[in-house]
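Worksheet: the structure to be examined is printed underneath.
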Amino acid sequence: MFRTLKARWHAFLAVPRGQRFQAHHQRAHRGDTPGWVRVAVIVAALVLIVLGLAMIVLPGPGLLVMLAGAVLLAEESVLVARFMDRLDLVAMRVVAGWRARRREKHRD
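Heads up, my numbering is the position in the sequence shown plus 1129, with the first residue counted as 1.
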């Protein structure tokens, strides 16, 4: 099980940013997945997103749980996969800007 997860993680990271979630979506749809499995994944993703929203107000890792739900949903929806790719690029730009400001602050 862990070997499979590790292989999937490395396959995910091997794709350039901005294309990772769409590639993940395509890999998830290569085989003949039964319809009930796809429905179960969508339901699980929506439950995680709702739980994450609740955890923003309640104690718990709300954003992390919502992100997990969004990744599951991106596996089944190309629109969500495209959105997650864009979000990944924006997040990396924000992180790079934050790191640059932090480096400048520590130089002074």
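Even for Gly, the Cβ is constructed at its ideal location relative to N, Cα and C. This structure is a prediction, so every number in the text was calculated from the model and none was measured.
Buried versus exposed call for Gly1226 [16 or more other C-beta atoms within 10 Å across all chains shown]:
In the sequence shown, the residue the question calls residue 1226 occupies position 97. By the C-beta density criterion, Gly1226 is exposed, having fewer than 16 other C-beta atoms within 10 angstroms.
Beta-carbon within less than 7 Å of Ala1173's beta-carbon, same chain only, minus the 5 sequence neighbours each way: which residues are those?
Here residue 1173 refers to the residue found at position 44 when the sequence shown is read from its first residue. Cβ within range, chain order: Leu1201.
Inter-stretch contact (C-beta, 8 Å, three-pair minimum) for the segment 1146-1155 and the segment 1209-1223:
With the cut-off at 8 Å, the segment 1146-1155 and the segment 1209-1223 touch.
Determine the contact status of Arg1156 and Ala1140, defining contact as a CB-CB distance below 8 Å.
Numbered from 1 along the sequence shown, position 27 holds the residue referred to as residue 1156. Numbered from 1 along the sequence shown, position 11 holds the residue referred to as residue 1140. Yes.
Tell me the residue span of the alpha helix (DSSP H) that contains Met1221.
Taking the first residue of the sequence shown as position 1, residue 1221 is located at position 92. Where Met1221 is concerned, the enclosing alpha helix (DSSP H) starts and stops at Val1207 to Arg1236.
Taking only three categories from DSSP, how would you classify Leu1201?
For the purposes of this step, residue 1201 is taken as residue 72 along the sequence shown, with counting starting at 1. Note: Leu1201 maps to helix in three-state DSSP.
Within a Cβ cutoff of 8 Å, which residues of the same chain sit near Gly1147, ignoring the five residues on either side of it in sequence?
The count along the sequence shown starts at 1 and reaches residue 1147 at position 18. Asp1214, Arg1215, Asp1217 and Leu1218.
Is it the case that the Cβ atoms of Val1176 and Glu1204 are separated by a distance below 8 Å?
For the purposes of this step, residue 1176 is taken as the residue at position 47 of the sequence shown. For the purposes of this step, residue 1204 is taken as the residue at position 75 of the sequence shown. A distance of 8 Å or more separates the beta carbons of Val1176 and Glu1204.
Nearest-angstrom Cβ-Cβ length linking Leu1182 and Met1195, presumed shorter than 8 Å:
The residue you call residue 1182 lines up with position 53 of the sequence shown. The residue you call residue 1195 lines up with position 66 of the sequence shown. Leu1182 to Met1195, Cβ: 7 Å. Contact.
Quick one: measure Cβ to Cβ for Gly1198 and Ile1178, integer angstroms, because I've assumed they're closer than 8 Å.
Reading the sequence shown from its first residue, position 69 is the one you call residue 1198. Reading the sequence shown from its first residue, position 49 is the one you call residue 1178. With 8 Å as the limit, Gly1198 and Ile1178 qualify as a contact, their Cβ atoms being about 4 Å apart.
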